[in-house]
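For reference, the structure is listed below as structure tokens.
Numbering (this note's numbering), first residue to last: 1 to 213.
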């Protein structure tokens, strides 16, 4: 029987570039589980989470199509820590259940990457073999949010400041990837971390210590 895949937890604050790093890992053969995409799925109309969100936040969070409008919902929860906590209590259990299902269904990839902004806060990081954190400076986060998501500068700042400081994630990390430079600089860091954690694990004991590089 072959070795099970290495389970990589990939996190970082908003607009730091987790998805960019995840794409690079996918090119290496990793199976990517995107928790944010799953969060979209579990709140679709007709799901238990959808009904719970309506009960908690009301119909003002709905778009014209009757689906939950994430921008309207975000305008509420990113300004109210209690509302954000309530939303996470609704969504996280459904997301974690689906993540577990996908992990169990995947056995062929050399690594499984769980890409999640709340990986540590949800407690799922404890199930990972290694925790990788993607970082970039706050001004760059704000710039990316304005360009890529069409937010105003104020909206972008609110979203950035609604999250714990990056330093809290960095303290927990096995690997820190600085995504403030060009893509090739990021790719070099990803390649190094892959060799340290995945290649060494595949080679097995005696061929290198994955935890120590």
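All C-beta atoms in this analysis are idealised placements derived from N, C-alpha and C, irrespective of residue type, glycine included.
Counting along the chain, residue 111 sits inside the beta strand (DSSP E) bounded by residues 111-115.
Counting the other CB atoms within 10 Å of its CB gives residue 126 a total below 16, which places it among the exposed residues. The shortest CA-to-CA distance from residue 11 to any of 183, 169, 99, 179 is the one to 169. If you ignore the 5 residues before and after residue 146, its C-beta comes within less than 8 Å of the C-beta of 152, 153, 156, all in its own chain and listed in chain order. For residue 134, the enclosing beta strand (DSSP E) begins and ends at 130-135.
For residue 9, there is no enclosing alpha helix (DSSP H); the residue is part of the beta strand (DSSP E) that begins and ends at 6-11.
If only complete runs of 3 or more residues are kept, the stretch 144-206 shows the beta strand (DSSP E) at 175-178, in order along the chain.
In this structure the stretch 99-117 touches the stretch 22-37; the number of beta carbon pairs closer than 8 Å is three or more. Between the alpha carbons of residue 185 and residue 179 lies a gap of roughly 8 Å. Under the DSSP assignment, residue 99 falls in the alpha helix (DSSP H) whose first and last residues are 81-105. Under the three-state reduction of DSSP output, residue 32 falls in the strand class. In the structure shown, the three-state DSSP call for residue 53 is helix.
Short of 6 Å from the beta carbon of residue 63, and not among the five residues preceding or following it, lie these beta carbons of its own chain, in chain order: 69.
DSSP places residue 62 within a strand segment (E or B) once states are collapsed to three.
Secondary structure of residue 142 (DSSP, three-state): helix.
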